[in-house]
Amino acid sequence: MTDTAKKDKAAAFGPVGKALNEIDDRLGIAKGGRGLMDKIFPDHWSFMLGEIALYSFVILLATGVFLTLYYVPSQDIVVYAGKYAPLRGQHVSAAYASSIDLTFSVRAGLLMRQMHHWACDIFVGAIVVHMARVFFTGAFRKPRELNYSIGIILLILAIGNGFIGYSLPDDLVSGTGLRIAFSITESVPLVGSYLAFFLFGGNFPGTAVIPRFFTIHVLLIPLIILGLVTAHLVLLVRQKHTQFPGKGRTEKNVVGAPMVPVFAAKATGFLFMVTGVTALLGGLAQINPIWQFGPYDAAKISYAVQPDWYMGFLDGALRIWPAWEWTGFGHTIPLEVFLPAAVLPGIIFGLCFAWPAIERHHTKDSEAHNLLDRPRDRPKRTAAGATMLAFLGMLFIASSTDVLANTFHISLNAVLWGMRVLVILIPVITYPITLKICQELQQVPDGGKRKRSNVVTRTAEGAYLAVPAEQRPGDGHAELDAEPVPSFISDGAAEPDEPGVHQVSR
Amino acid sequence: MTADHGTPVSLSTAGLDDPHMQPLAKNPERAERWIALSMFVGLLGIIGFGVAYWYDADPWVYGLTLGAGVTLLGFGITAWGKYLMPKGPFVEERHDLRGTDEERELFAAAVVQRGGGILGRRKLLAGMAGLSLAAFGVVAAFPLIRSLGPLPKKTLDTTNWRKGSYLVDQTGREVHVDDLAVGGIVTVFPKGYQDSPEGQAVDQTVLIRIATTDFTTRPGRESWGPAGYVAYSKLCTHLGCPVGLYEQQLEQLVCPCHQSMFDVTNGCEPNFGPAPRPLPQLPIYVDGRGYIRAQSAYSEPVGPGFWERS
């Protein structure tokens, strides 16, 4: 067949076909393009958690660009003369003044700023939950260890850029956070004061940290995140997605919906839904009201101030760590800062990075896996993950010792010592309890099958009876099987050939 | 729908009349109407956002119109994909990621022979290139790191307090011995530094009146608390937050960041929380006209610990 003849075949599809021919002549997209459109994506609700993170990042980029058009990254002192009356005539930094102005004087500015902040909290949250899904189902195993590591780096970058971002308005709360960041940097043995001076351009507060953090926040880290997200997705396509076991699913295939049109439609719709929910939050739920906090003043402070949720575990560790400062040989190591703020997160993330190797060493399993585990079938892994989550959760709770003491009228002393005990105790008992739950779940007869429910009814005489419900679609199916069509979608047309499906006419 | 529901087929072999190619909704027309309704309400919301913007509405109107509009649009598109497009499931084979044994051997040979071989044959060139690259890395780090800020030197050990410095509040007013009653507290700075951000960050000091007569917080500090006034650095020794809460009846200073507590009557010794050291005390005196002034600078570095602190 000649070139012309081939062209004629595709040209039957009209002007689009002709255009595709022209592009294929130059870029050779036809073969790979069709393959990509036919690419199969497995379907499970837990696979959309990573999508939430991706779409939050898109929202962060879009709203962030809007904010950069009005924000002034400078610590120069200006006299505020904008719309917000209580602040008029006060000496504030240009960063704070511009943040207030973009909130009150720019149309939809508050919406954009709050959407940006909410999207960040959702971004980090979605990454954490996505990572938990990957961990508990064993998706990190060979051949996906590299992509798992990229994910952890993305989590660390997201947390870091979140902290840097909420420091930029230069308000009283975030300024105190910067002071703490300076002190933590200072605590590094040997080079700490040098690192702190280089980061802040001199002693705290200096004049360099806001402009520098701005560049890091809007350019450096987003570029790295963008690159790593791209790598994350390219590896996902190259290695193909994992899937849960079920009918017709093996280690050697992928069962699901094609990229175009099904997955593309669902994903596009979901992008809009995530955006819409973020907009609802940004418009209806106040977050980070910097005009109430006031401008940063190094000699002032506010009460009951917690950082954004993803910094909570660090703040909690700093609160409950004992006052162990080491001095000797003419030097000081502030261990009460360095251990909880630098060594502890190092150990936590180090364990995350090392887990695939730890598990491989422990199980002697060096095979590639494309089918996911149910968490109960890997009791030790599940228990280890639950222990880590319990530890982080207790540290998070410890970041509000003062609020807990005030709310429940307990002495602060009791709360502090209680948290010091619980942060060890709860994880220690979480492990055996989770292990036991997993082992018992494995023993359940018909485990993993959908069961018929019982309906409790009351007779006219007042007696209660538990009656097995009518058969519902999916009763008796393995939970991980593809879900049969629920009858409420049908309009009552009888489908007698589907076993176990009871048609409800409506 | 067929009895073997759930058995996946390959997309390329499924004909248009295959059950897998049918939509999930059994009444597609009805599903289409609902989805169209969702998108239509979404469209109203999106137009509403435009109207809200035109009239510069309240933030909640922006959030409600844009949020509801885009969410419903997205819901419609997703439902379209789920209920009206081919329901599948479809199957695709995974291909081995690894190459064949022969491909692997050829690749390894090429890497080892071309890469290793070339470097091994010209050891001098490889060494020179490696040395130059290492030197470039080190030299490039100088401007990248060293230009960022001044060396700390003794900056962290000192403050702007000098012998004779007046204690002034944030407006620059000098504090007089008659200004505070017992239980009173004021944040003070050395005169001349109350407006500078650096001065405020480092020099901030709390002046508390805890008695009417001279007060000694520790042996050796007999002259430091004239007329019941004591002055301590306001920088927490834990992480440098301002120790901004004064518990008057217990005579404790509390740091709101991480709840360290300092006993004002006992040299601000920490008696609770993570702070490792007492707040340094500033020796003060009352001059002939009744103004409170510093006897000297702080005798130790203020604020949190660092390596060079002795």
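Respectively, the protein sequence lines represent chains E and V. Quick note on numbering: the working numbering labels position 176 of the first sequence as 176, and the sequence is numbered without any gaps. Quick note on numbering: the working numbering labels position 149 of the second sequence as 1149, and the sequence is numbered without any gaps. Just so it is clear, CB atoms sit at the ideal spot from N, CA and C, and this is done for glycine as well. Only a predicted model underlies this, so the values are computations on that prediction, with no experimental measurement involved.
| Query | Result |
| --- | --- |
| Own chain residues within Cβ distance below 8 Å of H232 (chain E), not counting five before or after | N147, I150, G151 and L154 |
| Euclidean distance between Cα positions of C1255 (chain V) and R1289 (chain V) | 34 Å |
| Straight-line Cα distance separating G35 (chain E) from G1081 (chain V) | 20 Å |
| Length of the line joining the Cα atoms of A1025 (chain V) and P1019 (chain V) | 12 Å |
| Contact set between W321 (chain E) and chain V, taken where Cβ atoms lie within less than 7 Å | P1274 |
| Every unbroken alpha helix (DSSP H) within the stretch 1110 to 1193 of chain V, with a cutoff of 4 residues, ordered by chain | 1117 to 1121 and 1123 to 1141 |
| Reference I1035 (chain V), options V:L1073, V:G1067, V:R1104 and V:I1292, closest by Cα | V:L1073 |
| Contact set between the stretch 1087 to 1106 of chain V and chain E, restricted to residues whose Cβ is under 7 Å from the partner | G1088, P1089, F1090, V1091, E1092, E1093, R1094 and L1097 |
| As assigned by DSSP and simplified to three states, the class of S487 (chain E) | Confidence at S487 (chain E) is low in this model, with a pLDDT of 46, below 50, so its placement is unreliable and the value that follows should be read with caution. Residue state, collapsed to three classes: helix. |
| Beta-carbon proximity list for P143 (chain E), same chain, < 7 Å, skipping 5 on both sides | Q239 and A368 |
| Alpha-carbon to alpha-carbon, D1195 (chain V) and T1171 (chain V) | 8 Å |
| Terminal residues of the beta strand (DSSP E) in which N147 (chain E) lies | First-last for N147 (chain E): E145 to S167, but that is the alpha helix (DSSP H), not the beta strand (DSSP E). |
| Span of the beta strand (DSSP E) around D1263 (chain V) | M1261 to D1263 |
| Start and end residues, beta strand (DSSP E) containing W1034 (chain V) | Taken as a continuous stretch (DSSP letters only), W1034 (chain V) belongs to no beta strand (DSSP E), being part of the alpha helix (DSSP H) at P1028 to W1054. |
| Spatially closest choice to M388 (chain E) from E:I426, E:A208 and E:S400, by CA coordinates | E:I426 |
| Proximity test, Cβ basis, 9 Å: A482 (chain E) and chain V | Annotation note: pLDDT 46 at A482 (chain E) (below 50); position unreliable, coordinate value reported separately. With 9 Å as the cut-off, A482 (chain E) counts as an interface residue toward chain V. |
| A179 (chain E) - DSSP class collapsed to helix/strand/coil | Sequence check: residue 179 (chain E) is Arg here, not Ala. Looking at R179 (chain E) - three-state DSSP - the assignment turns out to be helix. |
| Coil, strand or helix - T1205 (chain V) by DSSP | strand |
| Per-residue burial, H362 (chain E) [other beta carbons within 10 Å of its own, 16 or more giving buried] | exposed |
| Extent of the continuous alpha helix (DSSP H) to which A384 (chain E) belongs | P379 to A398 |
| Sequence-distant residues of the same chain with beta carbon closer than 8 Å to A460 (chain E), five excluded per side | none |
| Extent of the continuous beta strand (DSSP E) to which A257 (chain E) belongs | N253 to P258 |
| Residues within the stretch 237 to 254 of chain E neighbouring chain V, beta-carbon criterion of under 7 Å | Q239, K240, K247, G248, K252, N253 and V254 |
| Contact test: G1164 (chain V) Cβ vs the ligand ATP heavy atom, cutoff 8 Å | Although the ligand ATP was asked about, the structure shown includes no ligands whatsoever. |
| Proximity test, Cβ basis, 9 Å: V229 (chain E) and chain V | no |
| Alpha-carbon to alpha-carbon, A386 (chain E) and V1009 (chain V) | 38 Å |
| DSSP-derived helix/strand/coil call for Y310 (chain E) | helix |
| Own chain residues within Cβ distance below 7 Å of P42 (chain E), not counting five before or after | H241, Q243, V254, V255 and G256 |
| Rounded straight-line distance, which links the Cα of T268 (chain E) to that of I1077 (chain V) | 7 Å |
| Distance, T1159 (chain V) Cα to D1179 (chain V) Cα | 25 Å |
| Residue-level contact to chain V via CB, P143 (chain E), 9 Å cutoff | yes |
| Amino acids of chain E, ordered along the chain, whose beta-carbon sits closer than 8 Å to that of I1200 (chain V) | At residue 1200 (chain V) the sequence reads Gln, which differs from the Ile that was named. By Cβ distance, chain E contributes D297, A298 and A299. |
| Local conformation of W1060 (chain V) per DSSP, three classes | helix |
| Within 8 Å of chain V by C-beta, residues of the stretch 171 to 183 of chain E in sequence order | T176, R179, I180, F182 and S183 |
| Touch test, the stretch 115 to 132 of chain E against the stretch 50 to 68 of chain E, Cβ-Cβ under 8 Å, three pairs minimum | yes |
| Selection of the stretch 273 to 288 of chain E by Cβ proximity to chain V, strictly under 7 Å | M273, T275, G276, V277, A279, L280, G282, G283 and L284 |
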